Amino acid sequence: MIALTLPAQDGGTFNPPGVNSHLPAFFTIGDFEFTKQMLLVLLSVVLISWFFIAAARKGKLVPGKLQFAGEIGYNFVRNSVAKDVIGGKDFMKYVPLLFSLFFFILVNNIYGTIPYIQLPSFSHVGGTYFLAALVYVIWIGAGFKVNGIRFLKLAVVPSGVPWYILPLVVPIEVISNFLVRPMTHSLRLFATMLAGHLIVLIAGSGIEFLIMQESVLMKGASVLVLVGSIAMYMLEALIMVLQAYVFVLLTAIYIEGAIHADSH
Amino acid sequence: MNGTINGSINLVGYGLSAIGGAIGVGLVFAAYINGVARQPEAQRVLQPIAFLGLALTEALAILGLVFAFVLK
Amino acid sequence: MKNLMISAATAESENPLAPNWWEVLVVACGFAVLMFIVVKFVVPMFEKTYAERTEAIEGGIAKAEKAQAEATAALSEYKQQLTDARAEANRIREEARAEGARILADLKDKAAAESARITEQAQVAIAAERQAAVVSLRAEVGSLATTLAGRIVGESLNDDERSTRVVDRFLADLEDQGTSKQNAGALQ
Chain A
1 MIALTLPAQD GGTFNPPGVN SHLPAFFTIG DFEFTKQMLL VLLSVVLISW
51 FFIAAARKGK LVPGKLQFAG EIGYNFVRNS VAKDVIGGKD FMKYVPLLFS
101 LFFFILVNNI YGTIPYIQLP SFSHVGGTYF LAALVYVIWI GAGFKVNGIR
151 FLKLAVVPSG VPWYILPLVV PIEVISNFLV RPMTHSLRLF ATMLAGHLIV
201 LIAGSGIEFL IMQESVLMKG ASVLVLVGSI AMYMLEALIM VLQAYVFVLL
251 TAIYIEGAIH ADSH
Chain B
1 MNGTINGSIN LVGYGLSAIG GAIGVGLVFA AYINGVARQP EAQRVLQPIA
51 FLGLALTEAL AILGLVFAFV LK
Chain C
1 MKNLMISAAT AESENPLAPN WWEVLVVACG FAVLMFIVVK FVVPMFEKTY
51 AERTEAIEGG IAKAEKAQAE ATAALSEYKQ QLTDARAEAN RIREEARAEG
101 ARILADLKDK AAAESARITE QAQVAIAAER QAAVVSLRAE VGSLATTLAG
151 RIVGESLNDD ERSTRVVDRF LADLEDQGTS KQNAGALQ
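As given, the protein sequences belong to chains A, B and C, one line each in that order. The opening position of the first sequence corresponds to residue 1 in our numbering, with each subsequent residue numbered one higher. The opening position of the second sequence corresponds to residue 1 in our numbering, with each subsequent residue numbered one higher. The opening position of the third sequence corresponds to residue 1 in our numbering, with each subsequent residue numbered one higher.
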């Protein structure tokens, strides 16, 4: 597809950055390329662990500023996502998973809005495949653990459907529950991150290209692009937070549907 | 001005297919907001349903994305 | 900036949906470490704080309830004491009144007895005086009467024998009359 070449000094063609524009690896060991994404993922682990351990360590009854900030984050996942969606008594079992997922994805997305970093780690698809597969294994495992082998029937045969429609409904349910769910779960995050990242990148290189033009009109047009790109940047920041929330909320919904399969 | 556009026509197809998903997601959340506005206490019940609807609807757009990249 | 935007050095048409397995591995390891830290440290710490907070709040409520109960008990006890004290005071007042009445009656009785005794004594004394007066009168009246009679008669009545006889006779007469008169006076 389209490869980014540096914009020509004037009058040249504009080749926007595309999905195959990659940063060079920091170092390579044989087949292993240590890229910026990997560094950011590891950094996010350190950041999240450091922040929440520092916030939770004191454990004061009347929280200080740091502890209060940590508690807001923890409470959000614990009460607004896990408790509200999964509910009941067994939501505490899934709080660590949801909590880790939310902040892992959130921090890795937020990288996209920080100048000089400006690269959401999940704009590469590998990480989201892994997270979605993990969630897939966990919710199916939870379903089997709670409902036994009956879970297979509960998951694909909706209640209250006449028997003659079942041959039509069951394949749809199988596809949508067991095939489409993990795929969309991973690709939703990846696609939004990639698209947001590319839009900011294209706007940035477009501004640069326009500034380089000799015509004043072209230079002036770069201001419009700048305004537009700032708006996109804000939208992107919103989407980054929202996608982390959606990912975790869907995880909670899938788990809830699996462990309460007989009441659905 | 005889510019050329390079790239895959698949992406245009994906753009078109995303319209359907966009409309579907819009309908889902319009219904959700309507429901919550009429009955704010139903928000907890409606929220998972709305997001499940979002996931199902968006699945179509994401399938389009996959095919845009996979099909040659 | 220009240096950052590097042209695609990798394969020309790499599919963005194909994962880089090294990346999957790094994300998996990172997430596993994060998950471990969260399960081991973060969640237990927060839950411990929450549990302590809940306990502190509920303990505070229990303490407040206890204090309330104590205050209510103290109030009722105080009221009880007040009622008791009132009843006691009433009782004491009644007793005092009864006592007073009794003392008054006693005193009245005593006074009446005393007055009766005094009256009696007076009467006895009067009677004794009267007796004495009668005796002395009897002694004197004889000489007086003799003197009187001697003067009236003009004759010497110094002859004791005679005069004594006359006086005795006279007195006997007089005594007969006097006894009846005195009896009539004592009866009155």
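Even glycine gets a Cβ: it sits at the ideal position worked out from N, Cα and C. Everything numeric in this text was worked out from a predicted model, so none of it was measured.
Looking at the unbroken beta strand (DSSP E) that takes in F32/A, where does it start and where does it end?
Here the question's residue 32/A lines up with position 32 in the first sequence. First-last of the beta strand (DSSP E) with F32/A: 32-34.
Just the Cα atoms here: how many angstroms apart are A37/B and I49/B?
By 1-based counting over the second sequence, the position of residue 37/B is 37. By 1-based counting over the second sequence, the position of residue 49/B is 49. When rounded, the distance between both Cα atoms is 16 Å.
Can you check whether the CB of G204/A is closer than 8 Å to the CB of I239/A?
The count along the first sequence starts at 1 and reaches residue 239/A at position 239. The count along the first sequence starts at 1 and reaches residue 204/A at position 204. Not closer than 8 Å, so no.
Is F52/A close to chain C, meaning its C-beta is less than 8 Å from at least one C-beta of that chain?
For the purposes of this step, residue 52/A is taken as residue 52 along the first sequence, with counting starting at 1. By this cut-off, F52/A is an interface position.
In chain D, what lies closer than 8 Å to D84/A by C-beta?
Among the protein chains in the structure shown, which are A, B and C, there is no chain D.
Could you tell me the distance, in whole angstroms, from the CA atom of V25/B to the CA atom of K48/C?
Your numbering for residue 25/B matches position 25 in the second sequence. Your numbering for residue 48/C matches position 48 in the third sequence. If you take the alpha carbons of V25/B and K48/C, they lie about 41 Å apart.
Touch check for the segment 114-127 of chain A and the segment 14-22 of chain C: three-plus C-beta pairs under 8 Å?
Yes: at least three Cβ pairs fall under 8 Å.
Using a Cβ-Cβ cut-off of 6 Å (strictly less than) and excluding sequence neighbours within five positions of I259/A, which residues of its own chain qualify?
For the purposes of this step, residue 259/A is taken as the residue at position 259 of the first sequence. Excluding residues within five positions, the ones whose Cβ falls inside 6 Å are A142, V146.
Taking the alpha-carbon of V107/A as reference, which of K153/A, V46/A, I165/A has the nearest alpha-carbon?
Taking the first residue of the first sequence as 1, we reach residue 107/A at position 107. Out of K153/A, V46/A, I165/A, V46/A has the C-alpha closest to the C-alpha of V107/A.
May I ask which residues mark the beginning and end of the alpha helix (DSSP H) holding F103/A?
Residue numbering aside, residue 103/A sits at position 103 when the first sequence is read from its first letter. Counting along the chain, the alpha helix (DSSP H) containing F103/A begins and ends at 95-110.
Based on Cα-Cα distance, which residue from P167/A, F32/A, V77/A lies nearest to F103/A?
Counted from its first residue, the first sequence places residue 103/A at position 103. With distances taken between Cα atoms, F103/A lies closest to V77/A.
Of all the CB atoms in chain B, is at least one closer than 8 Å to the CB of R150/A?
By one-based count along the first sequence, residue 150/A stands at place 150. No, because no Cβ of chain B sits closer than 8 Å to the Cβ of R150/A.
Span of the alpha helix (DSSP H) holding F247/A?
The residue labelled residue 247/A in the question sits at position 247 within the first sequence. Its alpha helix (DSSP H) spans residues 216-259.
Quick one: grab the DSSP three-state call for F26/A.
Numbered from 1 along the first sequence, position 26 holds the residue referred to as residue 26/A. Looking at F26/A - three-state DSSP - the assignment turns out to be coil, as it is neither helix nor strand.
Going along the chain, which unbroken runs of the alpha helix (DSSP H) with 4 or more residues stay wholly within the segment 153-181 of chain A?
With a minimum length of 4 residues, the continuous alpha helix (DSSP H) runs that stay inside the segment 153-181 of chain A are 166-174.
Mind checking I105/A: buried by the 16 CB within 10 Å criterion, or exposed?
Position 105 of the first sequence, counted from the start, is the residue given in the question as residue 105/A. Looking at its Cβ environment, which holds 16 or more other Cβ atoms inside 10 Å, I105/A is buried.
Does D262/A come out as helix, strand or coil in the three-state DSSP assignment?
Numbered from 1 along the first sequence, position 262 holds the residue referred to as residue 262/A. Three-state DSSP puts D262/A in a helix.
Which chain A residues are close to I62/B, counting only those with a beta carbon under 8 Å from its beta carbon?
Taking the first residue of the second sequence as 1, we reach residue 62/B at position 62. Within chain A, the residues near I62/B are M183, T184, L187, R188, A191.
Under a CB-based cut-off of 8 Å, is R93/C close to chain A?
Taking the third sequence and counting its residues from 1, the one referred to as residue 93/C is at position 93. By this cut-off, R93/C is not an interface position.
Along chain C, which residues have their Cβ under 8 Å away from the Cβ of F32/A?
In the first sequence, residue 32/A corresponds to position 32, counting from 1. Residues of chain C passing the Cβ test: W22.
In whole angstroms, give me the CA-to-CA distance for M45/C and V81/A.
In the third sequence, the residue the question calls residue 45/C occupies position 45. In the first sequence, the residue the question calls residue 81/A occupies position 81. Their backbone Cα atoms lie some 19 Å apart in a straight line.
Take E58/B and list the residues in its own chain whose beta-carbon comes closer than 7 Å to its own, dropping the five residues that flank it on each side.
If you number the second sequence from 1, residue 58/B lands on position 58. Excluding sequence neighbours, E58/B sits near G21, V25.
Along chain A, in chain order, which residues have C-beta atoms closer than 9 Å to that of K48/C?
On the third sequence, position 48 is the one that residue 48/C refers to. Within 9 Å Cβ-Cβ: A56, G59.
For chain B, check one thing: does any of its Cβ atoms lie closer than 8 Å to the Cβ of S176/A?
Your numbering for residue 176/A matches position 176 in the first sequence. Yes, contact with chain B.
Can you confirm whether the segment 2-19 of chain B touches the segment 58-70 of chain B when touching is taken to mean that 3 or more C-beta pairs between the two stretches lie within less than 8 Å?
These segments touch.
Could you please tell me which residues of the segment 99-112 of chain A, in chain order, have their CB closer than 7 Å to any CB of chain C?
Hits within the stretch, in order: F99, S100, F104.
Should P171/A be labelled buried (16 or more other beta-carbon atoms within 10 Å of its own) or exposed?
If you number the first sequence from 1, residue 171/A lands on position 171. It counts as exposed.
Check whether the Cβ of G60/C lies closer than 8 Å to any Cβ atom in chain A.
Reading the third sequence from its first residue, position 60 is the one you call residue 60/C. Chain A contact via Cβ: absent.
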